[in-house]
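Student:
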Ligand code: 1GP
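Numbering (the numbering used here), first residue to last: 256 to 502.
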């Protein structure tokens, strides 16, 4: 089957409304379970599966999770990398991303230079993306050595977003960090939306339908949620979140 490029799939869909993507961390459960989670997410209407995590990603757990997920769903499976040490040829695409506010040049451009020839050789579709860590940043902020953008400083986030756009990136992703107590603030999302033309991805701490609705209403084009649920079951929580994003 000739497959549509994932970039075209995303840019086609965002013109019709907000998308939801489900992030699965291969280090958090067996690959079989990753496949089951992806299947449930697809049935509930998620638009793509992202695979990644800040730590504990190896070529082995990554490949087996991606393969299990690919077997379970038809929607695109996008690798969300933490570095060039493990890259899966089995994904449909890779977010080819730069952590714009890292103090570590390796996270800004070094890992990308190491990874680019590997991505080329694998024939993996790269989707250029600017990635910005917002306070509190959680584990990804720590591991990424991010100079966090403060929650009350929307204009700095706007400036980074414009820089991503002018550098030719296709997506701009603002990340509060997995497990953040609150998502990226609505005022910041709205300010970016008002000033930056490339699609805006928002993730981190979106753990219930109310938060998902807030992020969507503020202007997110793509809402990303992980699969850790504190109370209740994953399926009903995800159903409520996806409904809030799509309504
Ligand atoms: C994706 O890191 C997030 O941007 C996922 O965050 O685990 O808090 O949903 P949660």
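No residue lacks a Cβ here, since even glycine has one placed at the ideal position from N, Cα and C.
Heavy atom of ligand 1 less than 7 angstroms from the Cβ of residue 480, yes or no?
Tutor: yes
Student: Looking at C-alpha atoms only, which residue of 277, 468, 481, 364 is the closest neighbour of residue 386?
Tutor: 364
Student: Since residue 409 and residue 442 are thought to touch, with beta carbons under 8 angstroms apart, how far apart are those beta carbons, to the nearest angstrom?
Tutor: 6 angstroms
Student: Could you work out which residue in 458, 283, 454 is closest to residue 437 when comparing CA atoms only?
Tutor: 458
Student: Run the CB neighbour count on residue 372, radius 10 Å, all protein chains shown included, and call it buried at 16 or more, exposed below.
Tutor: exposed
Student: Quick one: what's got a C-beta closer than 7 angstroms to residue 312's C-beta in the same chain, skipping five residues either side?
Tutor: 281, 282, 337, 341
Student: Among 496, 494, 357, whose alpha-carbon lies nearest the alpha-carbon of residue 402?
Tutor: 357
Student: In the structure shown, what three-state DSSP assignment does residue 273 receive?
Tutor: coil
Student: For my contact list, residue 388 and residue 412 are in at a C-beta cut-off of 8 angstroms; report their separation, rounded to the angstrom.
Tutor: Going by Cβ atoms, the distance from residue 388 to residue 412 rounds to 10 angstroms, so no, they are not a contact pair.
Student: Cβ-heavy atom distance between residue 390 and ligand 1 below 7 angstroms?
Tutor: Residue 390 Cβ: outside cutoff for every heavy atom of ligand 1.
Student: Helix, strand or coil: which one does DSSP assign to residue 366?
Tutor: Residue 366: helix per DSSP, three-state reduction.
Student: Whose C-alpha, out of 299, 317, 396, is nearest the C-alpha of residue 354?
Tutor: 396
Student: Please list, in chain order, all residues of the same chain as residue 343 whose beta carbon is under 6 angstroms from its beta carbon, the five residues on each side excluded.
Tutor: Same-chain partners within the cutoff: 317, 318, 321, 334.
Student: Using the rule of at least 16 other Cβ atoms within 10 Å of the residue's Cβ for burial, across every protein chain shown, is residue 303 buried or exposed?
Tutor: buried
Student: In the structure shown, what three-state DSSP assignment does residue 256 receive?
Tutor: Annotation note: pLDDT 46 at residue 256 (below 50); position unreliable, coordinate value reported separately. Secondary structure of residue 256 (DSSP, three-state): coil.
Student: Given a cut-off of 8 angstroms on the beta-carbon distance, is the pair residue 425 and residue 269 in contact?
Tutor: no
Student: For residue 440, I'd like the list of residues in its chain whose CB is within less than 6 angstroms of its CB, leaving aside the five on either flank, ordered along the chain.
Tutor: 406
Student: By the 10 Å Cβ neighbour count, where 16 or more other Cβ atoms means buried, how is residue 427 classified, buried or exposed?
Tutor: buried
Student: Is any heavy atom of ligand 1 found at a distance shorter than 7 angstroms from the C-beta of residue 461?
Tutor: yes
Student: Going by other Cβ atoms of all chains shown within 10 Å of its Cβ, with 16 needed for buried, is residue 351 buried or exposed?
Tutor: Counting Cβ neighbours within 10 Å, residue 351 comes out buried, since at least 16 surround it.
Student: Compare the C-alpha of residue 325 against each of 287, 361, 468 and name the closest.
Tutor: 287
Student: On the three-state DSSP scale, how would you describe residue 321?
Tutor: Look at residue 321 here: in three-state DSSP terms it is helix.
Student: On the DSSP letters alone, give me the boundaries of the beta strand (DSSP E) that residue 335 sits inside.
Tutor: Counting along the chain, residue 335 falls outside any beta strand (DSSP E), and DSSP gives it neither H nor E.
Student: Going by the CB atoms, is the gap between residue 376 and residue 399 shorter than 8 angstroms?
Tutor: no
Student: Taking the beta strand (DSSP E) that residue 353 falls in, what are its first and last residues?
Tutor: 348-354
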